[in-house]
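Colleague: Before I ask anything, let me first share the structure, which is written out below as structure tokens.
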Amino acid sequence: MKSPQDLLKDYKAKRNFTKTQEPAGAAPRAGKAGRGAFVVQKHDATRLHYDFRIELDGVLKSWAVTKGPSNNPGDKRLAVRVEDHPLEYGGFEGTIPEGEYGGGTVMLWDRGTWEPIGDPHEGLDSGDLKIRLFGERMKGEWVLVHMKGRDTKRRSGPDRENWLLIKHRDSYARDKDALTTRFTRSVASGRDFKGIAAGAAPAKKTDVPAEAVWHSDSEKADQAYETSRNLAKAKKGKAPAFRPVQLATLVDSVPAGEGWLFEMKYDGYRCLAAINGDSVRLYTRSGLDWTEQFSALVEPLQKLELGSALIDGEICAFDARGRTDFTTLKNVLSNGGRLEYFAFDLLQLDGKDLSKKPLIERKALLQELLGKSARRDPVQYSSHVTGHGQKVLDALCREGHEGIIAKRADDAYRGERTRSWLKIKCLKRQEFVIGGWSPSTKRKGFASLLLGAWDGDRLLYRGRVGTGFSQDLLMEMDARLQKLASRKNPFEAVPRERARGVHWVKPELVAEIAYTELTADDILRHPSFIGLRGDKPAKEVRMEKAISLDDGEAVAERLGVRLTSPDRVVYPGQGITKAQLVAYYEDVAAAMLPHIENRPLSLVRCPQGRAKQCFFQKHDTGGFPEQLRSSPIAEKDGEKKDYFYITELAGLVAGTQMNTLEWHIWGSRLAAVEKPDRLVFDIDPDEGLDFSAITGAATDIRDRLEDIGLKSYPMVSGGKGIHVIVPLKPDKEWPEIKAFCRALAAGMAEDEPDRFTANLSKAKRKGRLFIDYLRNERGSTAISPWSVRSRDGAPVAVPLGWDEVPGLKQANGFSLQDAAVRAKGKDAWPDYFKQRQKLTDKMLKAVGAEVGK
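Residue numbers (full-length UniProt numbering): 1 to 853.
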């Protein structure tokens, strides 16, 4: 290895420092092989490129990335190894004079720190350098791969080498590259190339100074960052904006295993506090500005002198027994009294987004910020307990509290409902929409309220509530109901005896209801009114059912499948574990098995979870549990290979044990493998098309099939598009099936060439929809109904009714919880397996099918 002094000889030999502003570089100091600085400089030289640099051995090891970094793991970006640069170069932004080496404008495009995955020197020498980046734009795991000769020693001299910069698949990876198009200005000054070249003043000050990034010594970096924080406190700026809050999934038991922390579940209003010095805005969970309603908390938040911060928490009031109580809170808001704000998360601090940091780190920062709060101050840090979740729940339930929230300690913050946060309640409580009221003969006001919850565009009746009202509340409610009077029944259906004499209202009020249980028809038993919720739009009220959580292991044990590492997280973004995936498949088995059983299968397996390497497997290579069966099927060359198949829930569990995240099915079953019993038309859009183009195409395919006598059924794929599926009585063989589907797709493309194509080429797909008929040939597969997808968010392929298709906005909108509830509810395809339709010669002729083409 060269000495530190020799590392910069090539850099200095190429530059005339009397003409260029580039740093000459002090003598490089010996560096550690651990975490260091990294920078990306966008360089508008002879050819625009991005210079990627990492600190190692006291210098910046450098690569010129011709097209810039991509967060799509499928993109392999050429990175040409260039000479080492001095550490000071990491702060350089300006213009190199024309005629000088590298003449052109240089922009600081990204900066941060990096750490090696393994030994960095070995990675550099072998041509396989794996790294983890903590930048403002580039994050997560990446790899630099030498394009050839990976087993030979790399040249350490100035000669250039061709490498590839590739994003590893993790929570920061995206299927579509947006890094270089989304970020076009300097990360340091906010200027574009024109502003830098003109020497314009920086567009804005950054919250984290370069010094905080470029100190390799972590203590000095911490000091620099702390200095920037103190400066930010003294300056007034824009208060943090509202962002969607993370929501917890209702489950029926406390999660087991390590990595969970447990907080009290408060009975109040969720609230985001956006603070900037004396400016305080308080937002509800849906983004309503309720600063005026919660004005009693503004001054206590101002006194904290936090600078700029975005805090997540709950606003509560205590009842006479010292418990947070929603009814008491409503009274305090109406009549005055003491409000409390329990802060449990810190999303932003002095302009720095903290949402990607682990929860335990965010809470530690929050506790430090609120550490000076006195015990009786209205703003309090919400503490937590690590482990012992069941004991915590039991103790809180005995004291009459609402329950607990379980949170994964190492997860980022996501503004959606996830399984990283779980809620376990002592009593059953939910929100319902008020759709009508029945008059009373015994008291002023009403006798009871009729309640419902939305299921798509349908308001489903869920029962009546007549207790929990004071006389004052009855009169107040009566006045509000009169203003919402309507002649129209808002419910899809109400039992005749319950509808008699009812006064209907517009479904705009949301009530929180306590109850003992639900009947088999999802009607409330022993409901009691808690209060009105003004913080949630009525249209967002859905029936929330507790998802089975800790029985995944029990299910596997009962079925004779050994489930190893049940608590291993397979979907990091949602905190979904292997055991929870098993529990999901138990929930949907009755709906899924009729579609998947006794079919040849292909599996998408992800041994290290969704964020790591996944692969497609269709042959049984041995070592699988016996419940995941296999059967020999002849390949095109006549050789027989063993294909997977399942017959029962145990097969789904066995596949999950072997890290299967996606289940893909043939169009035929083993009993008649040459005669398909289903057709699939997969609508695959070009990038940028609105989803309405996909829904329109689905209904067009349905109509064409109906015109020739075939009934079809829609399914969102959990990916980008919609599948239109046709059940058949197995009769025709694969050549006829493929010919029919190809001809129908080609006919659509011929009739409307501006909308459709039947050509697989992406170049031919520009601005159009590809009607993928190729899933209808022997050996091809399509995603099974109710299968989870190995995509961010753990979306599910879900069957739909045709009446639901026009209102769809996306194909990946159903979570595990959504799908589990839906699978146990009304069947979207009630007559699917009753169909006895055949593909006839007349139908083949009608579309102009040419068999064997």
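The C-beta atom is built at its ideal place from N, Cα and C for all residues, glycine as well.
The structure displayed is predicted, hence computed values, not measured ones.
1) Using the C-alpha atoms, what's the distance from W114 back to K130?
2) Can you give me the C-alpha to C-alpha distance between I424 and D478, rounded to a whole angstrom?
3) For Q617, which of helix, strand or coil comes out of DSSP?
4) Under the three-state reduction of DSSP, which class applies to W734: helix, strand or coil?
5) Are three or more beta carbon pairs between the segment 434-442 and the segment 498-505 nearer than 8 Å?
6) Quick one: complete alpha helix (DSSP H) runs, 4+ long, within the segment 679-725?
7) According to DSSP, what are the bridge partners of Q348?
8) Which class does P490 belong to by DSSP, given the choice of helix, strand or coil?
9) Assuming C316 and Y266 make a contact with CB atoms under 8 Å, what is their CB distance in whole Å?
10) Identify which residue in F529, L108, G135, H146 has its Cα closest to the Cα of S126.
11) Along the chain, where does the alpha helix (DSSP H) that runs through C271 open and close?
12) Can you tell which of K407, I633, F681, D252 has the C-alpha that lies nearest to the C-alpha of R704?
13) State the beta-bridge partners of S528 as determined by DSSP.
14) Counting Cβ pairs, one atom from each stretch, are 3 or more of them under 8 Å apart for the segment 53-62 and the segment 163-171?
15) Compute the Euclidean distance between the alpha carbons of R338 and G534, then round it to the nearest angstrom.
16) Going by Cα to Cα distance, which pick from V392, P507, A248, A409 is closest to L449?
17) Since D587 is in the beta strand (DSSP E), which residue starts that stretch and which ends it?
18) Check whether the segment 675-692 and the segment 793-804 touch, using three or more Cβ-Cβ pairs below 8 Å as the test.
19) Quick one: measure Cβ to Cβ for I96 and G90, integer angstroms, because I've assumed they're closer than 8 Å.
20) From the DSSP secondary-structure annotation, give me the bridge partner or partners of R480.
21) Rounded to whole angstroms, what is the Cα-Cα separation between P806 and T695?
22) Roughly how many whole angstroms lie between the Cα atoms of G718 and L760?
23) Keeping to the same chain, check which residues put their C-beta closer than 6 Å to that of K220; ignore five residues upstream and five downstream.
24) Please determine, among C397, I701, R775, the residue with the shortest C-alpha to C-alpha distance to M748.
25) Tell me the DSSP secondary structure of V847 in three-state form.
26) How would you write the range of the beta strand (DSSP E) that F326 sits in, first residue to last?
27) Whose C-beta lies closer than 7 Å to the C-beta of S70 among residues of the same chain, with five residues either side of it excluded?
28) Of all the beta strand (DSSP E) runs that stay within the bounds of the segment 372-455, which reach a length of 3 or more residues?
29) Identify, in the order they occur along the chain, each residue of the same chain with its Cβ nearer than 6 Å to the Cβ of G140, setting aside the five sequence neighbours on each side.
30) Do the segment 306-323 and the segment 342-351 make contact, defined as three or more Cβ pairs closer than 8 Å?
31) Taking Q41 as part of the beta strand (DSSP E), name the residues at either end of that continuous run.
32) Where does S383 land, buried or exposed, given buried means 16+ other C-beta within 10 angstroms?
33) List the endpoints of the continuous alpha helix (DSSP H) containing H121.
34) What separation, rounded to the nearest whole angstrom, lies between the Cα atoms of A274 and I360?
35) Using 8 Å as the cut-off, can you tell me whether the segment 580-593 makes contact with the segment 554-570, which would need three or more C-beta pairs spanning the two stretches below that distance?
36) Could you tell me which residues DSSP pairs with M264 in its beta bridges?
Modeller: Looking at the coordinates:
1) 10 Å
2) One C-alpha to the other measures close to 34 Å.
3) strand
4) helix
5) yes
6) 691-707
7) L310, D353.
8) coil
9) 5 Å
10) H146
11) Counting along the chain, C271 falls outside any alpha helix (DSSP H), though it belongs to the beta strand (DSSP E) covering 269-276.
12) F681
13) A514
14) In short, these stretches do not touch, since the Cβ pair count stays below three.
15) Here the alpha carbon of R338 sits roughly 20 Å from the alpha carbon of G534.
16) P507
17) Run containing D587: none in the beta strand (DSSP E); it sits in the alpha helix (DSSP H), 578-596.
18) Verdict: no, contact absent.
19) Not confirmed; about 16 Å, so no contact.
20) Answer is none; R480 lacks a bridge partner.
21) 6 Å
22) 21 Å
23) At K220 the pLDDT is 33, less than 50, meaning the model places this residue with poor confidence; the figure from the coordinates comes in the next sentence. Within the same chain, K220 has no close Cβ partners at all.
24) Per the Cα distances, I701.
25) helix
26) Element bounds for F326: not the beta strand (DSSP E) but the alpha helix (DSSP H), 326-335.
27) R77, K167, D177, L179
28) Taking only runs of at least 3 residues, the beta strand (DSSP E) segments lying wholly in the segment 372-455 are 379-381, 403-408, 417-425, 428-439, 446-455.
29) D170, Y172
30) The answer is yes - the segment 342-351 touches the segment 306-323, with three or more Cβ pairs under 8 Å.
31) 36-44
32) exposed
33) 120-126
34) When only Cα atoms are considered, A274 and I360 end up about 21 Å apart.
35) yes
36) I404
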